[in-house]
Amino acid sequence: MTKSKISQLCDNLDSQYLIEIEVDETMIDQKTIQHIEQRVLTAIRQPQPETINNNETKKRSEKKMKKKFPKIAAAVAALCLVSATAFAAGGGLSYFTAIFGNSANLIADNIWSPEIETANETYTLTLESMLSDGYKTNMIIGLKSQHGEEMAYDMPFDIDLSNDSEAISISCNEFPDISYENGYLYRLRVETANNIDGETLTIALKENLGDLALTVTVDGVTAAKEITIDAPITDNYTIETIQLSPLGLLIIGSEDELKGALPVVNIDLLMQDGSKKWLLDRSLIVDLDDGSTVTGGGGAIIAGEHDVLGKDIPLATEGNVSRNPDGRVVTNASFGEILDLNQIKAIVINQQEYPLV
Amino acid sequence: MKDEEMIKLIKNQDEWGISALIQQYGRYAAAIVTNLGQGNLLQEDVEEITADVFLAIWQHSDGLREDIAIKPYLAQTARHKTISFLRKNRLECSFDDDIICYSKTGLPDEVIVKEEQQRIINEAVEKMEQTEREIFVRFYYLGERIQTIAKILTINPSTIKTKLHRARKKLRSVFEERGYSYDEI
Chain U
2 MTKSKISQLC
12 DNLDSQYLIE
22 IEVDETMIDQ
32 KTIQHIEQRV
42 LTAIRQPQPE
52 TINNNETKKR
62 SEKKMKKKFP
72 KIAAAVAALC
82 LVSATAFAAG
92 GGLSYFTAIF
102 GNSANLIADN
112 IWSPEIETAN
122 ETYTLTLESM
132 LSDGYKTNMI
142 IGLKSQHGEE
152 MAYDMPFDID
162 LSNDSEAISI
172 SCNEFPDISY
182 ENGYLYRLRV
192 ETANNIDGET
202 LTIALKENLG
212 DLALTVTVDG
222 VTAAKEITID
232 APITDNYTIE
242 TIQLSPLGLL
252 IIGSEDELKG
262 ALPVVNIDLL
272 MQDGSKKWLL
282 DRSLIVDLDD
292 GSTVTGGGGA
302 IIAGEHDVLG
312 KDIPLATEGN
322 VSRNPDGRVV
332 TNASFGEILD
342 LNQIKAIVIN
352 QQEYPLV
Chain W
37 MKDEEMIKLI
47 KNQDEWGISA
57 LIQQYGRYAA
67 AIVTNLGQGN
77 LLQEDVEEIT
87 ADVFLAIWQH
97 SDGLREDIAI
107 KPYLAQTARH
117 KTISFLRKNR
127 LECSFDDDII
137 CYSKTGLPDE
147 VIVKEEQQRI
157 INEAVEKMEQ
167 TEREIFVRFY
177 YLGERIQTIA
187 KILTINPSTI
197 KTKLHRARKK
207 LRSVFEERGY
217 SYDEI
């Protein structure tokens with residue numbers, strides 16, 4: 002006589018019966034998905050210690066991390082190679098010049114180099130420099146090991162924001178071409194849907210690396226402008242506001258119905274001198290044209306697919322689009338170079354100009 | 037991004053593929069894990085198990101096929117990983133308490149018994165009418181509760197119970213057709 006639960010018998014159920022079944026996913030929020038993605042990416046970038054020696058570990062780790070850099074951002078960094086000595090002398094601006102090229106000079110006054118440091122027996126954690134527009138907060142973080150401990154972690158930090166603010170995106174890359182004695186320098190970027198100017202942000206080492214954290218107040222943010230659009234862009238999609246800063250843009254929109262591909266439109270900037278700049282390009286959204294249907298959630302990644310050496314490179318080189326079950330669509334993108342807001346006359350969507358005042 | 041494109045990227049061990057898959061199906065997999073956990077899992081557990089699901093897909097990408105939908109495979113992996121986690125951590129793993137007893141003389145080989153069970157369960161599910169089948173799969177495979185199923189399908193909870201009862205009867209009839217003696221406890 003065999004005793005069994007019916008659910009156990011179902012272990013052998015044919016997968017064809019699962020295809021059409023939609024599961025209620027509303028209890029899972031975007032933060033959970035970000036955590037899952039971070040866990041997976043950290044795990045797949047983690048070399049197997051029993052088969053790879055330390056030197057190989059570092060090489061492999063760097064190779065994977067570079068892959069995560071979008072092509073355009075990587076090209077900008079490659080064109081701005083500066084020696085480690087120059088970085089040490091140049092302070093915060095030098096770090097951001099490596100990221101944004103000479104356009105970083107436009108926001109030099111907003112770069113803050115607090116050099117806050119905290120240490121335990123194993124590691125020293127330093128916030129070398131910081132740049133934020135309130136929505137996109139870039140931090141240059143140094144992590145040194147006291148006794149040469151292995152640090153092959155692409156994302157060794159956990160982030161916590163005050164006042165229930167929630168990050169919509171967290172990314173962390175090692176500066177691949179900068180040496181940092183006994184450790185690594187990281188560019189950590191935290192993106193939020195709300196302005197975190199004046200709020201505190203805690204950077205903690207991952208639990209498995211030990212108990213070490215530092216807290217900083219986000220301060221001295223760059224100027225940003227918000228343009229109210231409140232206009233239907235397609236039959237189903239309305240853009241409500243566009244928040245534009247030297248570092249990136251945040252578009253808040255809504256859909257009448259959650260259907261079809263995620264809505265993203267081409268956006269240009271009309272400059273004061275009458276010229277136009279390419280701000281956001283639809284083709285940079287990974288496979289939005291595939292006609293696939295995404296309902297009740299989901300998102301897409303903005304990634305540089307263009308020839309980076311070509312003349313026309315849109316300002317928005319990386320970011321994401323997310324659709325919430327309530328019909329809200331948030332497009333969040335970062336620029337590959339710093340944008341001078343004073344030079345912009347208007348935003349252009351579907352031939353319609355929206356003045357930047 | 038279409039499934040086949042994500043699978044192609046994952047097979048090439050390109051991180052964009054697994055990131056896109058998580059964005060597309062992360063909620064689906066995490067919801068299945070949460071349902072099967074029956075309130076016994078912490079938020080961190082759900083994240084860990086769901087991450088394991090996608091990690092398994094990354095690590096076994098050679099076995100993926102672009103022409104086969106990935107969603108059912110995700111559901112199967114999520115179920116397997118959740119049950120393993122619950123057992124490993126000695127957490128309660130009882131999203132149904134419907135225990136059945138069955139026996140048949142002349143089937144001593146465990147492998148043959150398993151194969152026979154597989155045929156029986158699939159034959160029984162095939163015999164169910166569409167709504168009955170969906171309710172059965174949601175309850176016994178995906179771990180959804182009666183109230184949840186009732187809400188999703190906009191059906192009265194008592195009707196769900198009736199349909200589950202009918203589904204169990206069909207299961208019983210298939211067992212008996214195959215020469216088993218069958219009892220519900």
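In the order they appear, the protein sequences are chains U and W.
According to our numbering, the first sequence is numbered sequentially starting from 2.
According to our numbering, the second sequence is numbered sequentially starting from 37.
Ideal Cβ positions, reconstructed from N, Cα and C, are used throughout, including at glycine.
Computed from a predicted model, the values in this text were never measured in an experiment.
Contact between the stretch 129-136 of chain U and the stretch 243-261 of chain U is present, with at least three C-beta pairs closer than 8 Å. Contact annotation: residue 229/U and residue 242/U have beta-carbon atoms nearer than 7 Å.
Ranked by Cα distance from residue 122/U, the options 211/U, 220/U and 182/U are led by 211/U. Only buried fits residue 42/W, as 16 or more other CB atoms lie within 10 angstroms of its CB.
A distance below 7 Å separates the beta carbons of residue 89/W and residue 114/W. With a 10 Å radius around the Cβ and a threshold of 16 neighbouring Cβ atoms, residue 14/U comes out buried. Of the candidates 38/W, 183/W, 179/W and 84/W, 179/W places its Cα closest to the Cα of residue 9/U. Burial is judged here by how many other beta carbons sit within 10 angstroms of a residue's own beta carbon; residue 36/U has at least 16 and is buried. Counting every other CB atom within 10 Å of its CB across the protein chains shown gives residue 130/U a total of 16 or more, marking it as buried. According to the DSSP assignment, residue 254/U belongs to no alpha helix (DSSP H) but to the beta strand (DSSP E) extending over 249-256. In this structure, the CA atom of residue 72/W is about 8 Å from the CA atom of residue 119/W. Contact between residue 105/U and residue 339/U is confirmed by a C-beta separation of about 6 Å, below the 8 Å threshold. Within its own chain, the residues whose Cβ lies closer than 7 Å to the Cβ of residue 271/U, once the five positions on either side in sequence are excluded, are 277, 346, 347, 349 and 354, listed in chain order. Closer than 7 Å to the CB of residue 78/W there is not a single CB belonging to chain U.
Under the Cβ criterion of 7 Å, residue 86/W is counted among the residues facing chain U.
Residue 210/W does not reach chain U, its nearest Cβ partner there being about 11 Å away, counting only Cβ pairs nearer than 9 Å. Across the set 177/W, 127/W and 203/W, the C-alpha of 127/W shows the shortest separation from the C-alpha of residue 75/W. Listed along the chain, the chain U residues whose CB falls inside 7 Å of the CB of residue 154/W are 13. 25, 26, 28, 29, 33, 34, 36 and 37: these are the residues of the stretch 25-37 of chain U whose beta carbon lies less than 7 Å from some beta carbon of chain W, given in chain order. Contact of residue 181/U with chain W is not assigned, every C-beta pair being separated by 7 Å or more. Closest option to residue 194/U, judged by alpha-carbon separation, among 32/U, 26/U, 214/U and 12/U: 32/U.
Looking from the CA of residue 117/U, the closest CA among 140/U, 101/U, 27/U and 110/U belongs to 140/U. Using a Cβ-Cβ cut-off of 7 Å, residue 40/U counts as an interface residue toward chain W, since at least one Cβ of chain W sits closer than that to its own. Put simply, the CB of residue 169/U is far from chain W, with every gap to its CB atoms at 7 Å or more. For residue 97/W, the nearest beta carbon of chain U is not closer than 7 Å to its own beta carbon.
The DSSP-derived three-state label of residue 245/U is strand. Put simply, the CB of residue 160/U is far from chain W, with every gap to its CB atoms at 7 Å or more.
DSSP places residue 161/U within a strand segment (E or B) once states are collapsed to three. Proximity of residue 144/U to chain W, defined by a Cβ-Cβ separation below 7 Å, is not satisfied. Ranked by Cα distance from residue 85/W, the first of 97/W, 101/W, 110/W and 177/W is 110/W. Annotation: the continuous alpha helix (DSSP H) that includes residue 185/W extends over 182-189. At a cut-off of 7 Å, the C-beta of residue 125/W has no neighbouring C-beta in chain U. Residue environment analysis places residue 46/U among the buried positions, since at least 16 neighbouring C-beta atoms fall within 10 angstroms of its C-beta.
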